[in-house]
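> Residue numbers (the working numbering): 25 to 728.
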Amino acid sequence: MPRSTGTATKKKTTKRKVKKNLVIVESPSKAKTIEKYLGSRYKVMASLGHIRDLPKSKMGVDVENNYEPHYISIRGKGDVIKELRKEAKKANHVYLAADPDREGEAIAWHLSYLLGLDPKDKNRVVFNEITKDAVKNAFKNPRAIDMNLVDAQQARRVLDRLVGYSISPLLWAKIKKGLSAGRVQSIALNLIIQRENEIKDFVPEEYWTIDSEFKKGRAKFEASFYGINGKKKALKNNEDVQKILAKINTKQPFNVTKVDKKERKRMPQPPFTTSTLQQTANNTLKFKTQKTMMVAQQLYEGISLGKSGTVGLITYMRTDSTRISAVAKHEASTFIHEEFGEEYAALKPRKTKLSEGAQDAHEAIRPSSVMRTPKSIEQYLTKDQLKLYTLIWSRFVASQMTPAIVDTMRVDLTQNGVTYRANGSKLKFDGFTKVYAESKRKDNVLPELVENDEVLMVKNQPNQHFTLPPARYTEATLIKTLEENGVGRPSTYAPTLNVIQKRYYVKLAARKFEPTELGEIVNTMIEECFPDILNVDFTANLEGQLDEIEEGKQEWVSIIDAFYQPFSNEVKEASEKLAKVTIKDEPAGFNCEICGAPMVVKMGRYGKFYACSRFPDCRNTQAIIKQIGVKCPVCGRGEVVERKSKKNRVFYGCSRYPECEFVSWDKPVGRNCPKCDHYLVYKKTKQGQQVKCPNGDYEEAIQK
25 MPRSTGTATK
35 KKTTKRKVKK
45 NLVIVESPSK
55 AKTIEKYLGS
65 RYKVMASLGH
75 IRDLPKSKMG
85 VDVENNYEPH
95 YISIRGKGDV
105 IKELRKEAKK
115 ANHVYLAADP
125 DREGEAIAWH
135 LSYLLGLDPK
145 DKNRVVFNEI
155 TKDAVKNAFK
165 NPRAIDMNLV
175 DAQQARRVLD
185 RLVGYSISPL
195 LWAKIKKGLS
205 AGRVQSIALN
215 LIIQRENEIK
225 DFVPEEYWTI
235 DSEFKKGRAK
245 FEASFYGING
255 KKKALKNNED
265 VQKILAKINT
275 KQPFNVTKVD
285 KKERKRMPQP
295 PFTTSTLQQT
305 ANNTLKFKTQ
315 KTMMVAQQLY
325 EGISLGKSGT
335 VGLITYMRTD
345 STRISAVAKH
355 EASTFIHEEF
365 GEEYAALKPR
375 KTKLSEGAQD
385 AHEAIRPSSV
395 MRTPKSIEQY
405 LTKDQLKLYT
415 LIWSRFVASQ
425 MTPAIVDTMR
435 VDLTQNGVTY
445 RANGSKLKFD
455 GFTKVYAESK
465 RKDNVLPELV
475 ENDEVLMVKN
485 QPNQHFTLPP
495 ARYTEATLIK
505 TLEENGVGRP
515 STYAPTLNVI
525 QKRYYVKLAA
535 RKFEPTELGE
545 IVNTMIEECF
555 PDILNVDFTA
565 NLEGQLDEIE
575 EGKQEWVSII
585 DAFYQPFSNE
595 VKEASEKLAK
605 VTIKDEPAGF
615 NCEICGAPMV
625 VKMGRYGKFY
635 ACSRFPDCRN
645 TQAIIKQIGV
655 KCPVCGRGEV
665 VERKSKKNRV
675 FYGCSRYPEC
685 EFVSWDKPVG
695 RNCPKCDHYL
705 VYKKTKQGQQ
715 VKCPNGDYEE
725 AIQK
């Protein structure tokens, strides 16, 4: 019998490893936010966007076999796919939580294929906002992959590939390599060129106004010529003006013949959709469309708010709906009551009509919680994030508030049958404008006037004017025009505007689009050979058919076939009849510093540049730089030249760089400050342009 050692032996206990659920999203920041909400039983990984797509090297669509797309794993995603497969095998259950739109549905479908999942299984999870409640509720109600959404995305992808990979080789063969064409980008380019032609063909017309100052007692106010004998009259030339002035006696009073007072309501605008957010951010924050979407994506996916952890601050930012959930309305109403008072809370926020073709799949863009005011989270946001979040938050809160009430007053002043008219307004109740500063307008208060009052004319100023041509498109106005015509969808505008600039079909000058010579050549070819591509109604109708695929009303192959059969014939005809376009090199006016041959101006992918005429025997090239006629204020030997940063922002530097490293965002004036001898620069201010010293407080107004 063995002896007892007197010590108890410990039993080894093995803890069984519990299998985790795997959740796959697109981005690491979104994964981080969701994992915090789901807890330890879930592992969240990112696919880093799409993992399968059509190949770049060929068409990838079998036009002879029902337009079957040939998908391949995207280059560089091998390690990601391998890791996802490894974790999927170990997982208890796999959930696909890509974004709640066509692209997200397609990503989920491609993932299910690569991971060997059944798309009919309930493994698809969608949520409109990344908050704890929204995410947890979504995981309680998973669904199968919606093949209508997948087919709609697939149809758009195949359609754009057929157009792009049919026309682009023609552009390479007939114009130059590196060009591309697409359905929405071709229309965007065509709109810009049409507008440029309107500006070139515009003939200004002369017209005049007479702006005057009147007074009643000590109170002065402005009025303008309206008409004769109560009827409106246009002043076409100076002769018309002189006839009016001849009728007026400035020493005699004018009679107040009509006073029209009204109370008007200014209604708040609905919350943002994708396109209205892009337009407003471009107009008020000067954000490019691509930047707006990038910052909005950051706000949606989640921002770390200190002890509160990472929180998704806004709802999904790709939407064409202005709809708001009942929960969000109630929270907004509570906030408005507590913060501003009952009189500011709308009893029934007005219903807004959906734009034609809108899908209403998601809510409008709004804060995930209205209680997170911009001020309360300011310390956690970057400058750009704060600007965009403030815009979204204030627009949403304003949409749930009462209208602003404005007292308006219109007064007619008459002497010898000549009528002047004054319009005044005064804010009576600020309503929604208390929150949404972008909607505030200045008061123009008139003195208290009644009929038969007499007022005296103090000044009478005739002004000559000429009608102006239509304005060039900004990013905001181009998006608005595309949307009004039903061309493209919210997710397509940012990449469309980016690609027409990247291909150097257009350039932005003072935030307005101007077509380049290359853009006009490409547009002319597409106009001549592919009229349907540039037909706005045709393209809008095609967009509607793609939407019907999403709703299960149309079969995607038949829509693609109806488009491709006539289109493929147009491609064959264009290939045969189009002559090669030669973009002639312009003489540069100086010789190559390497071989002595004449230098020429060539058209490149990113614009014009200097190159040796003996290319490819001599490969000397130079950037085209613009001198501003000012000597370098640092070295005094070089010339100050205008350059552009990687983000296309203009700055100024020395022509002797890198020997002299002088750079300035502001344009140097060419003389020094009388106080400290630092060089002076031109600075843009709210009042206009001024000359300022960057090193001190010296400034001077620019003399016109």
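Cβ coordinates follow ideal geometry from the N, Cα and C atoms, glycine included.
Owing to the predicted nature of the structure, the values given are computational and were not obtained by experimental measurement.
1) Taking just the CA atoms, how far does K531 sit from K257?
2) Measuring straight from C-alpha to C-alpha, what distance separates E724 and R695?
3) Decide if H361 is buried, meaning its Cβ has at least 16 other Cβ atoms within 10 Å, or exposed.
4) For the stretch 207 to 222 against the stretch 514 to 527, do three or more pairs of beta-carbon atoms, one drawn from each stretch, fall closer than 8 Å, so that the two count as touching?
5) Do you know how far the Cα of G365 is from the Cα of I216?
6) Taking the alpha-carbon positions, what's the L62 to V68 distance?
7) Just verifying my parser: in three-state terms, what is the DSSP assignment at G660?
8) Only counting the same chain, and skipping five residues up and downstream in sequence, which positions put a Cβ closer than 6 Å to that of K101?
9) Taking R148 as the reference, which of T155, L139, Y137, V118 has the closest Cα?
10) Find out if the Cβ-Cβ distance for the pair D721, K707 is shorter than 8 Å.
11) What does DSSP give as the partner residues of W232 in its beta bridges?
12) Which same chain residues, not among the five before or five after F732, have their C-beta less than 6 Å away from its C-beta?
13) Would Y676 pass as an interface residue toward chain C - the criterion being a Cβ-Cβ separation below 8 Å?
14) Which residues does DSSP pair with F623 in a beta bridge?
15) So, helix, strand or coil for K244, using DSSP?
16) Taking Cβ to Cβ, would you say Y368 is nearer than 8 Å to M425?
17) If you follow the beta strand (DSSP E) that G613 is part of, which residue opens it and which one closes it?
18) Just mark E380 as buried or exposed, buried being the case when its beta carbon has 16 or more other beta carbons within 10 Å.
19) Take F453 and list the residues in its own chain whose beta-carbon comes closer than 6 Å to its own, dropping the five residues that flank it on each side.
20) Can you tell me whether G188 is helix, strand or coil according to DSSP?
21) Counting pairs of Cβ atoms below 8 Å between the stretch 45 to 62 and the stretch 156 to 163, do you hit three or more?
22) Go to C553, then tell me how far its alpha helix (DSSP H) extends in each direction, as first and last residue.
23) For a test of the three-state rule: what should DSSP assign to P93, helix, strand or coil?
24) Pull up the CB-CB distance for K146 and R167, whole angstroms please, since I reckon it's below 8 Å.
25) Measure the C-alpha to C-alpha separation of N172 and Y588 and round it to an integer number of angstroms.
26) Taking all protein chains shown into account, decide if R390 is buried (16 or more other Cβ within 10 angstroms of its Cβ) or exposed.
27) For S515 and S349, what's the separation of their Cα atoms in angstroms?
28) Per DSSP, what kind of secondary structure is L415 in: helix, strand or coil?
29) Looking at the unbroken beta strand (DSSP E) that takes in A70, where does it start and where does it end?
30) Tell me whether M433 is buried or exposed, calling it buried when 16 or more other Cβ atoms sit within 10 Å of its Cβ.
31) In its own chain, which residues sit with a C-beta less than 7 Å from the C-beta of A382, not counting the 5 before and 5 after it?
32) Helix, strand or coil for Y119? Go by DSSP, reduced to three states.
33) Quick check on this structure: which residue in D77, P682, E666 has the alpha carbon closest to the alpha carbon of K650?
34) What are the residues that DSSP puts in a beta bridge with E237?
35) If distances are taken between C-alpha atoms only, which option among S71, I223, A115 comes closest to A495?
36) With DSSP as the reference, label T443 as helix, strand or coil.
Here's the rundown:
1) Residue 257 sits at position 233 when you count from the first residue of the sequence shown. Residue 531 sits at position 507 when you count from the first residue of the sequence shown. Cα to Cα, the separation comes out at about 42 Å.
2) Indexing the sequence shown from 1 puts residue 724 at position 700. Indexing the sequence shown from 1 puts residue 695 at position 671. Looking at the two C-alpha atoms, the distance is approximately 13 Å.
3) Taking the first residue of the sequence shown as position 1, residue 361 is located at position 337. Burial call: exposed.
4) yes
5) Translated into the one-based positions of the sequence shown, residue 216 becomes position 192. Translated into the one-based positions of the sequence shown, residue 365 becomes position 341. C-alpha separation (whole angstroms): 47 Å.
6) Within the sequence shown, residue 62 is the residue found at index 38, counting from 1. Within the sequence shown, residue 68 is the residue found at index 44, counting from 1. Using only the alpha carbons, I get a separation of about 9 Å.
7) In the sequence shown, the residue the question calls residue 660 occupies position 636. Three-state DSSP puts G660 in coil, outside helix and strand.
8) For the purposes of this step, residue 101 is taken as the residue at position 77 of the sequence shown. I75.
9) The residue labelled residue 148 in the question sits at position 124 within the sequence shown. The residue with the shortest Cα to Cα distance from R148 is V118.
10) As a first step, residue 721 must be located in the sequence shown, where it is residue number 697. As a first step, residue 707 must be located in the sequence shown, where it is residue number 683. Going by C-beta atoms, D721 is not nearer than 8 Å to K707.
11) Residue mapping note: residue 232 aligns to position 208 of the sequence shown, counting from 1. According to DSSP, which records beta bridges pairwise, W232 is partnered with L259, Q488.
12) This structure cannot speak to residue 732, because the chain is shown only from 25 to 728.
13) No chain C appears in this structure, which consists of one protein chain only.
14) Counted from its first residue, the sequence shown places residue 623 at position 599. According to the sequence displayed, residue 623 carries Met and not Phe. The partner list for M623 (beta bridge, DSSP) reads C636.
15) As a working mapping, residue 244 is identified with position 220 in the sequence shown. Strand.
16) Walking along the sequence shown from the start, residue 368 turns up at place 344. Walking along the sequence shown from the start, residue 425 turns up at place 401. Yes, they are a contact pair.
17) The residue given as residue 613 occupies position 589 in the sequence shown. Here the beta strand (DSSP E) through G613 covers 610 to 615.
18) Within the sequence shown, residue 380 is the residue found at index 356, counting from 1. Residue confidence for E380 is low, a pLDDT of 49 falling below 50, so the modelled location carries little weight; the figure read from the coordinates is stated next. Label assigned to E380: exposed.
19) Along the sequence shown, read from residue 1 onward, the residue named residue 453 stands at position 429. Around F453: I429.
20) The residue you call residue 188 lines up with position 164 of the sequence shown. DSSP places G188 in helix when its eight states are reduced to three.
21) yes
22) As a position in the sequence shown, residue 553 is number 529, starting the count at 1. Taken as a continuous stretch (DSSP letters only), the alpha helix (DSSP H) holding C553 covers 541 to 553.
23) For the purposes of this step, residue 93 is taken as the residue at position 69 of the sequence shown. Strand.
24) Within the sequence shown, residue 146 is the residue found at index 122, counting from 1. Within the sequence shown, residue 167 is the residue found at index 143, counting from 1. About 6 Å separates the two Cβ atoms, so the contact holds.
25) Taking the sequence shown and counting its residues from 1, the one referred to as residue 172 is at position 148. Taking the sequence shown and counting its residues from 1, the one referred to as residue 588 is at position 564. Straight-line Cα distance between these residues: approximately 21 Å.
26) Stepping through the sequence shown from its first residue, residue 390 is reached at position 366. Counting Cβ neighbours within 10 Å, R390 comes out buried, since at least 16 surround it.
27) The residue given as residue 515 occupies position 491 in the sequence shown. The residue given as residue 349 occupies position 325 in the sequence shown. Between S515 and S349, the C-alpha separation is close to 22 Å.
28) Against the sequence shown, residue 415 aligns to sequence position 391. If DSSP states are grouped into helix, strand and coil, L415 belongs with the helices.
29) As a position in the sequence shown, residue 70 is number 46, starting the count at 1. Counting along the chain, the beta strand (DSSP E) containing A70 begins and ends at 66 to 70.
30) Position 409 of the sequence shown, counted from the start, is the residue given in the question as residue 433. Buried: at least 16 other Cβ atoms inside 10 Å.
31) Within the sequence shown, residue 382 is the residue found at index 358, counting from 1. With a pLDDT of 47 at A382, under the threshold of 50, the predicted position of this residue should be treated as unreliable, though the coordinate-derived value follows. The residues are D344, S345.
32) Sequence index remark: in the sequence shown, residue 119 carries index 95 (1-based). The answer is strand: DSSP assigns Y119 an E or B state.
33) As a first step, residue 650 is located in the sequence shown; it is residue number 626 there, counting from the start. Answer by Cα proximity: E666.
34) What you label residue 237 is simply residue 213 of the sequence shown in a count that begins at 1. Answer is E246, K483, bridged to E237.
35) By 1-based counting over the sequence shown, the position of residue 495 is 471. If we check each option's Cα against that of A495, I223 comes out closest.
36) Taking the first residue of the sequence shown as 1, we reach residue 443 at position 419. Correct three-state label for T443: strand.
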